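Residues 24 to 340 in my numbering are what the sequence shown spells out, letter by letter.
These notes are about the structure you will find just below.
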Amino acid sequence: MIANFRIWIGAAVFGLVVGCSSSSQQPSEDELAMVLANAEDSLVFIEGGEFRLGDVGQASGEPFSPLLENNKPPIMVTIHDFSMQSKEVTWGEFLVFLRDVGRAGNYTVENGFRNAARLPIESNDDPTSPNYALKPARSPNYSEAEEYCAWLAEKTNLPFAIPTEAQWEYAARNRGQRIAYATNTGELLLDDYLQKTSVDPLKPVTGNVLIHSSFAVERRPVGSYQPSPLGLYDMTGNVPEWTRDWFQSGYGHLDASNPVASEPGEGPDNLKKSVRDIAGYGDHSGGLATVYARRAVSVDSPNQGFRCVVNHPEPIN
């Protein structure tokens with residue numbers, strides 16, 4: 024209980040520190056230090072191993088995601104040790120980065136970023152706002168998500184990067200286990216948060232995951248639900264997440280060791296990235312909420328969140 028209280032207090036202080044500054048203002052040393060410390064402190068070490076990447080099917084023989092063919096057949100791959108941020112990057116953290124690199128003002132309607140009319144790229148200290156500092160950020164495009172992780176790498180001298188698709192699935196599956204969902208129990212117990220006509224952002228959490236078919240941009244603060252057995256939060260639900268891989272249907276193009284589609288391939292989706300956690304969009308029928316589901320998404324899409332990994336063979340913490 025004391026440890027949880029300390030985490031909550033730290034998160035609350037972080038929200039106050041980074042939540043209110045002007046988008047044109049350079050972040051303070053305290054803001055930078057808080058973001059970098061949180062990035063390192065949040066890392067969960069994940070021991071590598073061998074696993075079958077893709078829809079391995081349930082014990083009954085039925086696929087986990089019957090509506091999809093782009094994740095079959097599975098292939099055997101080996102993943103080296105790495106560390107992953109336990110939570111999705113927040114608005115507060117993301118805006119400190121954008122302000123530090125001088126791009127926080129680029130993503131406005133006035134500057135041609137039309138999605139800002141629906142969801143501004145900003146951070147605030149209002150828990151009722153979709154842009155509350157502790158809620159998951161939605162990067163305006165893939166490039167800024169990748170640049171955020173590269174920025175962490177430059178500031179910390181640690182090899183931060185966007186996770187590969189294989190790393191993401193391996194972590195979500197508790198090191199490659201045959202499970203359906205990256206929740207505390209491996210099952211879904213839906214929060215009814217967005218199932219009401221009138222949404223109260225201060226409504227207490229119920230269930231163990233936020234999945235709701237809705238165009239609402241509202242989400243819970245990161246870490247609102249119990250973590251997976253590995254200590255990772257929101258790898259099912261809340262927001263979908265970018266991976267480093269260029270999308271191709273199936274996995275036959277990948278290497279067997281630390282696979283990553285680092286170059287565009289062939290096919291109609293060859294210039295799109297592979298996005299995981301389709302439950303983050305609200306889809307949950309036909310196995311789309313399972314950890315096996317994947318989607319090809321334009322690099323200019325503004326609807327994805329993300330987290331970073333550190334590609335290092337030893338624990339950082």
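The C-beta atom is built at its ideal place from N, Cα and C for all residues, glycine as well.
Computed from a predicted model, the values in this text were never measured in an experiment.
{"query": "Just how far apart, CA to CA, sit residue 182 and residue 220?", "result": "44 Å"}
{"query": "How big is the Cα-Cα spacing for residue 277 and residue 96?", "result": "12 Å"}
{"query": "Going by DSSP, what residue range makes up the beta strand (DSSP E) through residue 166?", "result": "Looking at the DSSP string, residue 166 is not in any beta strand (DSSP E); the run it does join, the alpha helix (DSSP H), is 165-179."}
{"query": "For the segment 314-327 against the segment 289-296, do three or more pairs of beta-carbon atoms, one drawn from each stretch, fall closer than 8 Å, so that the two count as touching?", "result": "yes"}
{"query": "Measuring alpha carbon to alpha carbon, tell me which residue in 141, 158 and 103 is nearest residue 148.", "result": "158"}
{"query": "As a quick exercise: from 90, 240, 69 and 198, pick the residue whose alpha carbon is nearest that of residue 328.", "result": "240"}
{"query": "Are at least three pairs of beta-carbons, each pair with one atom in the segment 188-198 and one in the segment 69-85, less than 8 Å apart?", "result": "yes"}
{"query": "Can you tell me whether residue 340 is buried or exposed? The criterion is at least 16 other CB atoms within 10 Å of its CB, across all chains shown.", "result": "exposed"}
{"query": "Report the three-state DSSP secondary structure of residue 205 (helix, strand or coil).", "result": "coil"}
{"query": "Can you tell me where the alpha helix (DSSP H) with residue 141 in it begins and where it stops?", "result": "Note, residue 141: premise wrong, no alpha helix (DSSP H); not H, not E."}
{"query": "Between residue 214 and residue 233, what straight-line distance do the alpha-carbon atoms span, to the nearest angstrom?", "result": "5 Å"}
{"query": "Can you give me the C-alpha to C-alpha distance between residue 285 and residue 119, rounded to a whole angstrom?", "result": "28 Å"}
{"query": "When you compare only the Cα positions, how much space is there between residue 172 and residue 134?", "result": "24 Å"}
{"query": "Taking one C-beta from the segment 196-208 and one from the segment 238-252 each time, how about it: are there three or more such pairs within less than 8 Å?", "result": "yes"}
{"query": "Let me check one thing: in DSSP terms, what residues is residue 280 bridge-paired to?", "result": "101"}
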